[in-house]
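Colleague: Top to bottom, those sequences are chains E and G.
In this text, residue positions in the first sequence follow my numbering: the first is 21, and each later residue adds one.
In this text, residue positions in the second sequence follow my numbering: the first is -12, and each later residue adds one.
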Amino acid sequence: DGGITQSPKYLFRKEGQNVTLSCEQNLNHDAMYWYRQDPGQGLRLIYYSQIVNDFQKGDIAEGYSVSREKKESFPLTVTSAQKNPTAFYLCASSIGQGLASTDTQYFGPGTRLTVL
Amino acid sequence: AQSVTQLDSHVSVSEGTPVLLRCNYSSSYSPSLFWYVQHPNKGLQLLLKYTSAATLVKGINGFEAEFKKSETSFHLTKPSAHMSDAAEYFCVVSGLNSGGYQKVTFGTGTKLQVIP
Chain E
21 DGGITQSPKY LFRKEGQNVT LSCEQNLNHD AMYWYRQDPG QGLRLIYYSQ
71 IVNDFQKGDI AEGYSVSREK KESFPLTVTS AQKNPTAFYL CASSIGQGLA
121 STDTQYFGPG TRLTVL
Chain G
-12 AQSVTQLDSH VSVSEGTPVL LRCNYSSSYS PSLFWYVQHP NKGLQLLLKY
38 TSAATLVKGI NGFEAEFKKS ETSFHLTKPS AHMSDAAEYF CVVSGLNSGG
88 YQKVTFGTGT KLQVIP
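1. List the residues of chain E whose Cβ lies closer than 7 Å to the Cβ of G:V6, in chain order.
2. G:T92 bridges to which residues according to DSSP?
3. Which residue comes first and which comes last in the beta strand (DSSP E) that contains G:F54?
4. According to DSSP, which residues form a beta bridge with G:H(-3)?
5. Which residues mark the beginning and the end of the beta strand (DSSP E) in which E:V72 is found?
6. Going by other Cβ atoms of all chains shown within 10 Å of its Cβ, with 16 needed for buried, is E:M52 buried or exposed?
7. Give the residues of chain G in contact with E:T124, contact being defined as C-beta atoms less than 8 Å apart.
8. What ranges does the beta strand (DSSP E) occupy inside the segment -2 to 71 of chain G, keeping only unbroken runs of at least 3 residues that lie completely in it?
9. Hey, is the segment 38 to 48 of chain G in contact with the segment 87 to 94 of chain G, meaning 3+ C-beta pairs nearer than 8 Å?
10. Taking 8 Å as the cut-off, decide whether the C-beta atoms of E:G128 and E:I24 are in contact.
11. Would you mind working out which of G:T38, G:L83, G:K98, G:L99 sits nearest G:Y16, comparing C-alpha positions?
12. Going by Cα to Cα distance, which pick from E:A101, E:D74, E:D50 is closest to E:G116?
13. Return the CA-CA distance between G:V33 and E:Q26, expressed in angstroms with no decimal places.
14. Going residue by residue through the segment 78 to 119 of chain E, where are the continuous alpha helix (DSSP H) segments of at least 4 residues, counting only ones entirely within it?
15. Between G:Q100 and chain E, is any beta-carbon pair separated by less than 8 Å?
16. So what does E:Q45 bridge to, in DSSP terms?
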């Protein structure tokens, strides 16, 4: 059963702690993305990766870090430098390397992070 | 530059009546356009996409959208609302940035309420 998995579904952390969100896909997609969703703001791009061992900052990368050591995995770390980390985080992937405007992004179920 | 505007943040319809969710876009190129649906605390699911083929696009669950270049619109419609259609809907415009890579912009979403 192909798809994108994110874990955990809910995550609670104390302020000042780093936390890593998992994203795995078995669709054999080249490109992967991380978005942040806040109420009334749509989705904002944090980081994206077009191929293994390469990634680029999105629109709101400050306070976040990523790695892409394997094609199927793209973990996101929310660091203590992120001023307002409480949000819903969505991972996505697309078959191409982000070179075509027609590429469809497929989304995982999301992780809701709450920083106490 | 590109942008997308969803004209209504909330839409309320009675079960069995038509649905209209409005979306206007702006793009320097010939864009691709998508509609996604999101149920509470879930990921985004693709409803349909336009990629410069037929201007009337049919999607899943009875939804369709018409690309109107002269009006820069891509409104989502359904002839008869079902209770299960209650969700948030996102209009998305996709083009290419100055580096030749896909640039995706999400609207801020329209919450659809279906009244029994």
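Note that the Cβ used here is the ideal one computed from N, Cα and C, for glycine as well.
Since this is a predicted model, take the numbers as computed values, not measurements.
Modeller: Well, looking at it:
1. Along the second sequence, one-based indexing puts residue 6 of chain G at 19. Going along chain E, no residue has its Cβ under 7 Å from G:V6, so there is no contact; the nearest lies around 20 Å.
2. The residue labelled residue 92 of chain G in the question sits at position 105 within the second sequence. DSSP, once it has assigned bridges, lists G:V80 as partnering G:T92.
3. Taking the first residue of the second sequence as position 1, residue 54 of chain G is located at position 67. Unbroken beta strand (DSSP E) run through G:F54: 51 to 55.
4. Within the second sequence, residue -3 of chain G is the residue found at index 10, counting from 1. G:H(-3) is bridged to G:K98.
5. One-based indexing of the first sequence puts residue 72 of chain E at position 52. Unbroken run through E:V72: none, as it is neither H nor E.
6. Locating residue 52 of chain E in the first sequence gives position 32, where the first residue counts as 1. Buried.
7. The sequence position of residue 124 of chain E within the first sequence is 104, counting from 1. Residues of chain G passing the Cβ test: F21, L33, K36.
8. 6 to 8, 10 to 14, 19 to 25, 31 to 37, 43 to 45, 51 to 55, 60 to 65
9. no
10. On the first sequence, position 108 is the one that residue 128 of chain E refers to. On the first sequence, position 4 is the one that residue 24 of chain E refers to. Contact flag set, yes.
11. Locating residue 16 of chain G in the second sequence gives position 29, counting from the first residue. Considering only alpha carbons, the answer is G:L83.
12. In the first sequence, the residue the question calls residue 116 of chain E occupies position 96. Of the candidates E:A101, E:D74, E:D50, the one whose C-alpha sits nearest the C-alpha of E:G116 is E:D50.
13. Here residue 33 of chain G refers to the residue found at position 46 of the second sequence. Here residue 26 of chain E refers to the residue found at position 6 of the first sequence. Residue identity differs from the one stated: residue 33 of chain G is Leu in this sequence, not Val. Whole-angstrom Cα-Cα distance: 18 Å.
14. none
15. Within the second sequence, residue 100 of chain G is the residue found at index 113, counting from 1. No, no contact with chain E.
16. Here residue 45 of chain E refers to the residue found at position 25 of the first sequence. According to DSSP, which records beta bridges pairwise, E:Q45 is partnered with E:I24.
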